[in-house]
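These protein sequence lines map, in sequence, to chains A and B. Heads up: the first sequence begins at 34 in our numbering, then just goes up one per residue. Heads up: the second sequence begins at 1470 in our numbering, then just goes up one per residue. Glycine residues also receive a C-beta, built at the ideal position from the N, C-alpha and C atoms. Input: a single structure, listed below in structure tokens.
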Amino acid sequence: MARKRLMHAIHEAFVEEMERDERVVIFGEDVEISLFGDTAGLADRFGQMRVRNTPICENVMTGMAAGAAAAGYRPVCHLMFGNFIYTGFDAIANQVSKLRYMTAGQIKLPLVYFAVYGGGRSASAQHSDVMYPALMNLGGIKVAVPGTPADAKGLLKSAIRDDSPVVFLITGGRTGAAGEVPDGEHLVPLGEADIKHEGTDVTLVAMSGMVAPALVAAQELAKEGVSVELVDPRCVVPLDEDAILRSVCKTGRLVIVDEARDMCSAASHISAIAADKAFESLKAPIRRVTVPDVAIPYAPVLEKHILPNKDTIAEAVRAVVNYRKQ
Amino acid sequence: MTKPRTEGANLPADKLAELYRTMRLIRDFEESMIKFQKAGELPGPVHLCIGQEAVATGICDHLDDTDYIASTHRGHGHFIAKGGDPALMMAEVFGRVDGICQGKGGSMHAADFSKGILGANGIVAGGVGLATGAAYACQLAGKGQVSVVFFGDGAAAQGVISEALNVASLWKLPLLLVCENNGYSEFSPYNTVNAGEIADRGAAFKVPSIQVDGNDMVTMWRTARTAVERARAGEGPTLIEAQTYRHRGHVEYEDTFLTKPYRSEEEVEAWKAKDPLPRFRDYLVSGELVPSEDLDAIDADTASIIRNAADFARNSPWPEPGDALKHMF
């Protein structure tokens, strides 16, 4: 184990996978100089054919990833900010998510779209979105949303090795966060949740950038005598329903934290699953801590007002634990 | 943009006969589609390329299975010219389990990856990114493979074409951008949706570009050869604008929903007079390049292939309904 920053863990994953398999290539805007540090130095190490700067052209880049994958490579298409997925959305939604299905499984599409997303940095509305709800609804694309350096490294390595398209999303507010990362080969399977904090009174589901404040909330609530089980799904597709339902059946209460806007969010989807499949276990209504249906504002005071934090999370947990049927 | 000379023929007879055969096979396939569509045998829409066969034939004759093509919604000709099995595509268009995509894709998604056919595409210009990425893969592999994207004059208005020209030129990708300019963007005439000439656009990106008579088989073949050779030699992309015409509508049942015609009878007839298939046949026979008996034998053979393909498609069962849940990952 060694303590590493999240982007350092990602950099390690890129290096290890590019060393391991020469079919792994990375292309995107400014990947040589590397805005976030995740791809820094890779061009020097692996050459400019395998680590290649592109023009700003997400429309063709997202399609290129599919074409290169169909032709035998394992491309990582680096989209920089998650909002730029929208400018490249045609190939993602119309080609990549459907190509294997439309052709009856003739091909595998081993590709990764990598992007940094989310709010909390005064990057304002066009650099702060949470786009995995839209991706979840496409089908055919796996979506990894790690919240710790160890999970980021292990999931990215799995994503690069996976034969299906994977969108790999890192929350912008967490890129500098540090955490313990196992030494040597470290793989985290796609679609396997992790219990970040064990408890018995309430299940708290949080993913990606919400794991850290949820963990703080769980620790603070423990001092109040509330035992929180924090479940981090780590991927929203495939979603580890079993792990979530197991925990809900144990605790009888569910709070979901999601940095997405509430409508058709991961939180609302998980909420629907729990209502369908764990109804008999529930002692209180399910609560979602999400972002209201507004764009992400610029001024720190405005942004802070709408993003979930440890206090709003703890408040929701208390409300659920204290719920009494009228 | 450069204009090619129409060069004299010095292609060997067997090559000329092979080109004729491919065109004829595409034509027969497409004419069978008219019949099956009218008879209500096809579950979904078909977009036919009758009149455009020389483009697919001329380009794909220079390609191997290890080269890639990305096609369009009007893709039957590309599939056949690239070596796809007409029977497997026929069964696909019929929606049957023996179709190349087991009935999951239909006409607009027929693909055969074992032959480098990345698929037809229901999104106009949808194949551009795929082919550009395949060209990047070809360049990485360093084995001289090439990638071709076919697109129409309608797709030329999509931004992704400019993006592909830019990156392909910068990276010197082994990519052919082949525009089949049939004069109509669905139901809108060329001049109402495209400013200027498509072949002029390559120059802005330093991509060698050429405008050719897409109904002239020999010119098409020679143009393609130059572009493919350039790409294989690592000299980068070429933009080819092939001027042609579709004899049929945008989509086969358009008469059932269009309230008025969008092109004149005279125009259609004028282009039918320039039909690439009889034109090539006349050229072969009158030039004493291939005996007409040989061409008759090819006609009989392709007709029989299409008859057998239709029997194969009709006799193939529907997929199991539960198969709708397979193949997502």
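Cα-Cα separation between residue i and residue j, rounded to whole angstroms
i                       : j                       : result
residue 1524 of chain B : residue 200 of chain A  : 37 Å
residue 115 of chain A  : residue 1688 of chain B : 46 Å
residue 68 of chain A   : residue 52 of chain A   : 22 Å
residue 279 of chain A  : residue 1596 of chain B : 44 Å
residue 1561 of chain B : residue 1496 of chain B : 18 Å
residue 1529 of chain B : residue 1581 of chain B : 14 Å
residue 293 of chain A  : residue 209 of chain A  : 21 Å
residue 1477 of chain B : residue 1612 of chain B : Model confidence at residue 1477 of chain B stands at a pLDDT of 49, short of 50, so the residue's coordinates are unreliable; what they give is reported in the following sentence. Each residue's Cα considered, the two are about 32 Å apart.
residue 334 of chain A  : residue 326 of chain A  : 17 Å
residue 1753 of chain B : residue 1520 of chain B : 18 Å
residue 235 of chain A  : residue 331 of chain A  : 34 Å
residue 346 of chain A  : residue 246 of chain A  : 8 Å
residue 43 of chain A   : residue 132 of chain A  : 28 Å
residue 1670 of chain B : residue 181 of chain A  : 48 Å
residue 356 of chain A  : residue 312 of chain A  : 16 Å
residue 1695 of chain B : residue 40 of chain A   : 47 Å
residue 1614 of chain B : residue 1646 of chain B : 15 Å
residue 1480 of chain B : residue 1764 of chain B : 16 Å
residue 277 of chain A  : residue 1672 of chain B : 57 Å
residue 1508 of chain B : residue 1600 of chain B : 35 Å
residue 76 of chain A   : residue 61 of chain A   : 12 Å
residue 1758 of chain B : residue 1545 of chain B : 28 Å
residue 189 of chain A  : residue 241 of chain A  : 13 Å
residue 337 of chain A  : residue 107 of chain A  : 39 Å
residue 1493 of chain B : residue 1705 of chain B : 32 Å
Per-residue contacts from residue i into chain E (C-beta, under 8 Å)
i                      : result
residue 197 of chain A : Considering every chain present, this structure includes no chain E. Its protein chains are A and B.
Residue environment, residue i, which counts as buried when at least 16 other CB atoms sit within 10 Å
i                       : result
residue 92 of chain A   : buried
residue 1533 of chain B : exposed
residue 1622 of chain B : buried
residue 362 of chain A  : The first residue shown for chain A is 34 and the last is 359, placing residue 362 of chain A beyond what the model contains.
residue 296 of chain A  : exposed
residue 233 of chain A  : exposed
residue 1726 of chain B : exposed
residue 1780 of chain B : exposed
residue 358 of chain A  : exposed
residue 1555 of chain B : buried
residue 34 of chain A   : exposed
residue 1661 of chain B : exposed
residue 1783 of chain B : exposed
residue 1717 of chain B : buried
residue 124 of chain A  : buried
residue 267 of chain A  : buried
residue 207 of chain A  : buried
residue 1731 of chain B : exposed
Identity of the residues DSSP links to residue i by a beta bridge
i                       : result
residue 1581 of chain B : B/1586
residue 86 of chain A   : A/61
residue 1593 of chain B : Beta-bridge pairing links residue 1593 of chain B to no other residue.
residue 111 of chain A  : A/61 and A/147
residue 1620 of chain B : B/1648
residue 175 of chain A  : A/199
residue 37 of chain A   : A/212
What residues in the segment 1568–1592 of chain B bring their beta carbon closer than 7 Å to a beta carbon of chain A?
1570, 1571, 1573, 1574, 1578, 1580, 1582, 1587, 1588 and 1592
Taking a Cβ distance cut-off of 7 Å, strictly less, list which residues of the segment 101–120 of chain A are near chain B, in chain order.
101, 103, 104, 105 and 106
Where are the alpha helix (DSSP H) runs, 4 residues long or more, that stay fully inside the segment 1635–1686 of chain B, in chain order?
1659–1662
Entirely enclosed alpha helix (DSSP H) segments - the segment 202–270 of chain A, minimum 4 residues
244–256
At a CB distance below 7 Å, what residues from the segment 53–64 of chain A approach chain B? Give them in sequence order.
58
Taking the runs of the alpha helix (DSSP H) that are 4 residues or longer, which of them lie wholly in the segment 263–328 of chain A?
274–284 and 299–310
Within 7 Å of chain B by C-beta, residues of the segment 136–150 of chain A in sequence order
136, 137, 138, 139 and 140
Taking beta-carbon pairs under 7 Å, can you tell me which members of the segment 73–99 of chain A lie near chain B?
82, 87, 88, 90, 92, 93, 95, 96, 97, 98 and 99
Of the residues that make up the segment 1600–1612 of chain B, which ones have a beta carbon closer than 8 Å to any beta carbon in chain A?
1600, 1601, 1602, 1603, 1604, 1605, 1606, 1607, 1608, 1609 and 1610
Chain-ordered residues of the segment 1475–1505 of chain B with a beta carbon less than 8 Å from chain A:
none
What are the start and end residues of each continuous alpha helix (DSSP H) run of 4 or more residues lying completely inside the segment 1689–1758 of chain B, in chain order?
1734–1741 and 1745–1755
Sequence ranges, beta strand (DSSP E) only - wholly within the segment 1516–1570 of chain B, length at least 3
1537–1539
At a CB distance below 8 Å, what residues from the segment 1623–1641 of chain B approach chain A? Give them in sequence order.
1628, 1629, 1632, 1633, 1635, 1636, 1639 and 1640
Residues within the segment 1529–1540 of chain B neighbouring chain A, beta-carbon criterion of under 9 Å:
1537 and 1539
Scan the segment 1544–1559 of chain B for residues whose Cβ lies nearer than 8 Å to a Cβ of chain A and list them as they occur along the chain.
none
Can you list, in chain order, the residues of the segment 155–174 of chain A whose Cβ is nearer than 7 Å to any Cβ on chain B?
172 and 173
When Cβ atoms are compared, which residues of the segment 187–219 of chain A fall closer than 7 Å to chain B?
197
To test your reading of the DSSP string, which unbroken alpha helix (DSSP H) runs of 4 or more residues are found completely within the segment 116–145 of chain A?
117–120 and 132–135
Taking only beta carbons into account, state which residues of the segment 253–273 of chain A come closer than 9 Å to chain B, listed in chain order.
271
With 9 Å as the C-beta to C-beta threshold (strictly closer), list the residues of the segment 1505–1516 of chain B near chain A in chain order.
none
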